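Residue numbers for the sequence shown follow our numbering, beginning at 316 and rising by one. Step one of this worksheet: look at the structure below.
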Amino acid sequence: MSLPDPSSTRGAISALRSLTGWWEDAGITVDLPPATPAALRRSAPVAGATERKARPAPPVVKPAPAAPEKPAQDAAVLARAAHDVAALKAAVESFDGCDLKRTARNTVFARGNPAAPLMVIGEGPGQDEDREGLPFVGRSGQLLDRMLAAIGLDETSAYITNVVFWRPPGNRKPSSEEIEICRPFVERHIALAKPRLILLAGGISTQAMLKTSNGIMGLRGHWSQITIEGHCAPALPTFHPAFLLRRPQEKAKAWADLLSLQEKLEELS
Ligand code: URA
Numbered sequence: 316m317s318l319p320d321p322s323s324t325r326g327a328i329s330a331l332r333s334l335t336g337w338w339e340d341a342g343i344t345v346d347l348p349p350a351t352p353a354a355l356r357r358s359a360p361v362a363g364a365t366e367r368k369a370r371p372a373p374p375v376v377k378p379a380p381a382a383p384e385k386p387a388q389d390a391a392v393l394a395r396a397a398h399d400v401a402a403l404k405a406a407v408e409s410f411d412g413c414d415l416k417r418t419a420r421n422t423v424f425a426r427g428n429p430a431a432p433l434m435v436i437g438e439g440p441g442q443d444e445d446r447e448g449l450p451f452v453g454r455s456g457q458l459l460d461r462m463l464a465a466i467g468l469d470e471t472s473a474y475i476t477n478v479v480f481w482r483p484p485g486n487r488k489p490s491s492e493e494i495e496i497c498r499p500f501v502e503r504h505i506a507l508a509k510p511r512l513i514l515l516a517g518g519i520s521t522q523a524m525l526k527t528s529n530g531i532m533g534l535r536g537h538w539s540q541i542t543i544e545g546h547c548a549p550a551l552p553t554f555h556p557a558f559l560l561r562r563p564q565e566k567a568k569a570w571a572d573l574l575s576l577q578e579k580l581e582e583l584s
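This is the structure we're talking about:
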């Protein structure tokens, strides 16, 4: 995997271009900060320029919501029987226990490289994803790609999926029952792909994967650990790109999260 060298001026400049590009697309004019990543980290208008970084509240571990037992058990049996990512994809496609499938056009499993060091987990497919059968291909997916590109990642170095595999009708949020039914597949997905790091995009996937009811505002930017079938991966919650499209003023915090992700990836590689 090749990440831009944050200590080189070229790396800093290319990261800066990506950053200011995705801000400026959103109509924000940016005063360029100094050109080294260390200076960037110090000077970016990260929570901290005008406000103190919120401490995350201690995680509240939710009791797992009651998943309808039969479909969740069926999903667990199918998931366990899958011994590689391709078999898991086939298992998800064959599964009829989640009602979301009735109204969806396609099963949306994943895109990118299953052997990549980074796994991104989002909320669930929208209209574009449902049409194409691939996650994060609409507007928020384009922003996600640009965010990853800003730290030197692309489809060869990232693997992108969701906590549910079918589009919730009308783009509503997936319910906790739907998430629990899909959970055995999502967890098996992590166990099989064995990502070194996990980026949790948005509150829904953060709450689902960290089993917490705390909000994304307090959790973003703070590393947790996800352990599944003995595989341990540091996990970083960040804002969902759809939220950033609505609230571009929050992009500075997302940029701080991306820098933290980049640093951790470098540490682990
Ligand atoms: N939002 C998500 O969370 N996932 C997608 O695949 C698309 C939009």
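Ideal Cβ placement from N, Cα and C applies to all residues, glycine included. Quantities reported herein were computed from a predicted structural model and do not represent experimental measurements.
Could you check what DSSP says for residue i in three-state terms: helix, strand or coil?
i, result
"Lys-579", "helix"
"Asn-477", "strand"
"Gly-485", "helix"
"His-555", "coil"
"Arg-426", "strand"
"Ile-466", "coil"
"Ala-401", "helix"
"Val-452", "coil"
"Cys-497", "helix"
"Thr-471", "coil"
"Pro-549", "strand"
"Pro-348", "At Pro-348 the pLDDT is 43, less than 50, meaning the model places this residue with poor confidence; the figure from the coordinates comes in the next sentence. Three-state DSSP puts Pro-348 in coil, outside helix and strand."
"Asp-572", "helix"
What residue range does the alpha helix (DSSP H) around residue i cover?
i, result
"Gln-388", "384–396"
"Thr-542", "Thr-542 -> not in any alpha helix (DSSP H); beta strand (DSSP E) instead, spanning 539–543."
"Thr-418", "415–418"
"Gly-533", "531–534"
Assuming the contact rule is C-beta atoms closer than 8 angstroms, residue i and residue j should be a hit. Round their C-beta distance to whole Å, please.
i, j, result
"Gly-437", "Pro-429", "Contact doesn't hold; Cβ gap of about 16 angstroms is too wide."
"Met-434", "Thr-476", "7 angstroms"
"Pro-386", "Ile-496", "5 angstroms"
"Ile-494", "Gln-577", "Their Cβ separation, rounded to whole angstroms, is 29 angstroms, which puts Ile-494 and Gln-577 out of contact at 8 angstroms."
"Arg-482", "Ala-419", "5 angstroms"
"Val-423", "Phe-480", "6 angstroms"
"Ser-455", "Leu-534", "So it is not a contact: roughly 19 angstroms between Cβ atoms."
"Gly-441", "Asn-486", "5 angstroms"
Quick one: give me the first and last residue of the beta strand (DSSP E) that residue i is part of.
i, result
"Gly-517", "Looking at the DSSP string, Gly-517 is not in any beta strand (DSSP E), and its letter there is neither H nor E."
"Gly-441", "First-last for Gly-441: undefined, no H or E at that position."
Self-check item: Stretch-stretch touch, CB-based, cutoff 8 angstroms, three pairs: the stretch 405–417 with the stretch 506–523
Solution: By the criterion of at least three beta-carbon pairs nearer than 8 angstroms, the stretch 405–417 is not in contact with the stretch 506–523.
Quiz item: Is the stretch 389–404 touching the stretch 497–505, taking contact as three or more C-beta pairs under 8 angstroms?
Solution: With the cut-off at 8 angstroms, the stretch 389–404 and the stretch 497–505 touch.
Quiz item: If we count Cβ pairs, one from each stretch, closer than 8 angstroms, do we get three or more for the stretch 458–470 versus the stretch 554–572?
Solution: The stretch 458–470 makes contact with the stretch 554–572: 3 or more CB pairs, one atom from each, lie closer than 8 angstroms.
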